[in-house]
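Just below is one structure, and these are the notes that go with it.
Residue numbers (the numbering used here): -1 to 359.
Right, dumping it as structure tokens:
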């Protein structure tokens, strides 16, 4: 049995059964929000983006929110594998203990993603990201309104509480407080036509908004400062793109997408909205994942990791008095993820992927 689960939507399942999985089939790669969880698949990401898709002769759209967007931006550097390694190292080695006395917790937490983004974009990184020969980056953010647009923490908490309660009954708990804004590589041919009834805007990425868009995509309300970005329709406050697209669902944003979508993921299921993570019954149905192939670590693989689980943002608090232990745990998970990349290559190159994959239901 492979350590890598392969779960495919109906159309992707039929295609791979008949033809296997080939680079020419892949039109998109999606990476989800999830903070430290995203370290779980670094080795898999390196193989897919930096090796298997390295010499393709067509463009591939990369869509991410929060840490998923950070990771995909790193993958758009010329040395994809090297920069994914750097991303993981920077993320793992964040230290908060020496900042714990700052008066505003948002100041403590907000510096880390800014530092990571600055390093990913350093030394001409912004030019490389925006001119990658094959990859087209898309960054999901949320434009905030009403209480959610306030920088007053109490008002933000009121907004979050209201949205959480409304989300128990529908997927529109943030209506009136949030609009989706996707900052996209202008060279992409993908037409953004979301079908979830949230107002949505597409903004062309450029050197001026690339850093702020990445920063905004991971700006968790209450915990972090919002990010002001100026676009053609004015200056707005932007927050975590995962609020609307926690695990982005391509068919809901690009309904005309015809190619295979690869989804290297830390779970074997997807949760669409930010609040859905609190509701066990809220999982994305196969009908919305027709052309998606999810690659996720097996249960036995996860049990073999330190503490028998994948890294979590909660580890910052759990190991606040022993950050070296947290770093060790995260680096072990990152190093072990190379095994997932090796498993991917073996499945694809041998053709065993057709036998190992499971039909999403």
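Glycine residues also receive a C-beta, built at the ideal position from the N, C-alpha and C atoms.
Three-state class that DSSP yields for residue 218 in the structure shown: One-based indexing of the chain shown puts residue 218 at position 220. Looking at residue 218 - three-state DSSP - the assignment turns out to be coil, as it is neither helix nor strand.
Following the continuous alpha helix (DSSP H) through residue 90, name the residue where it begins and the one where it ends. Position 92 of the chain shown, counted from the first residue, corresponds to residue 90. Where residue 90 is concerned, the enclosing alpha helix (DSSP H) starts and stops at 78 to 90.
Skipping 5 residues on each side, what residues in its chain have a beta carbon closer than 8 Å to that of residue 58? Looking up residue 58 in the chain shown gives position 60. Cβ neighbours of residue 58 beyond the five flanking positions: 24, 25, 26, 27, 51, 132, 133, 134.
Beta-carbon proximity list for residue 368, same chain, < 7 Å, skipping 5 on both sides: The requested residue 368 does not occur in the structure, where the chain is confined to residues -1 to 359.
Would you be able to state if there are at least three C-beta pairs under 8 Å between the region 204 to 217 and the region 157 to 165? These segments do not touch.
Are three or more beta carbon pairs between the region 235 to 245 and the region 64 to 80 nearer than 8 Å? Flag = yes, the region 235 to 245 and the region 64 to 80 touch.
Pick out whichever of 279, 272, 337, 316 has its Cα sitting closest to the Cα of residue 302. As a first step, residue 302 is located in the chain shown; it is residue number 304 there, counting from the start. Comparing C-alpha distances from residue 302 to each of 279, 272, 337, 316 shows the shortest one belongs to 337.
So, do the region 252 to 267 and the region 78 to 91 have three or more beta carbon pairs nearer to each other than 8 Å? As far as the Cβ criterion goes, the region 252 to 267 does not touch the region 78 to 91, which means the pair count is below three.
Can you tell which of 7, 11, 17 has the C-alpha that lies nearest to the C-alpha of residue 349? On the chain shown, position 351 is the one that residue 349 refers to. The alpha carbon of residue 349 has as its nearest neighbour, out of 7, 11, 17, the alpha carbon of 17.
Which same chain residues, not among the five before or five after residue 310, have their C-beta less than 6 Å away from its C-beta? Locating residue 310 in the chain shown gives position 312, counting from the first residue. Taken in chain order, the residues that qualify are 34.
I need the DSSP call for residue 12, collapsed to helix, strand or coil. Here residue 12 refers to the residue found at position 14 of the chain shown. Note: residue 12 maps to helix in three-state DSSP.
When the distance is taken between beta carbons, is residue 358 closer than 8 Å to residue 5? On the chain shown, residue 5 is found 7 positions in, with the first residue counted as 1. On the chain shown, residue 358 is found 360 positions in, with the first residue counted as 1. In this structure, residue 358 lies closer than 8 Å to residue 5 by Cβ.
Residue interval of the alpha helix (DSSP H) (run including residue 202): For the purposes of this step, residue 202 is identified with residue 204 of the chain shown, where counting begins at 1. No alpha helix (DSSP H) holds residue 202; the beta strand (DSSP E) holding it covers 198 to 202.
Could you tell me if residue 276 is buried or exposed, where buried requires 16 or more neighbouring beta carbons within 10 angstroms of its beta carbon? What you label residue 276 is simply residue 278 of the chain shown in a count that begins at 1. Residue 276 should be labelled exposed.
For residue 324, name the three-state secondary structure that DSSP assigns. As a working note, residue 324 is residue 326 in the chain shown. Correct three-state label for residue 324: helix.
Of all the options 300, 273, 335, 345, which has the alpha carbon lying nearest to the alpha carbon of residue 163? Within the chain shown, the letter at position 165 stands for residue 163. Minimum Cα-Cα distance from residue 163 among the listed residues 300, 273, 335, 345 corresponds to 273.
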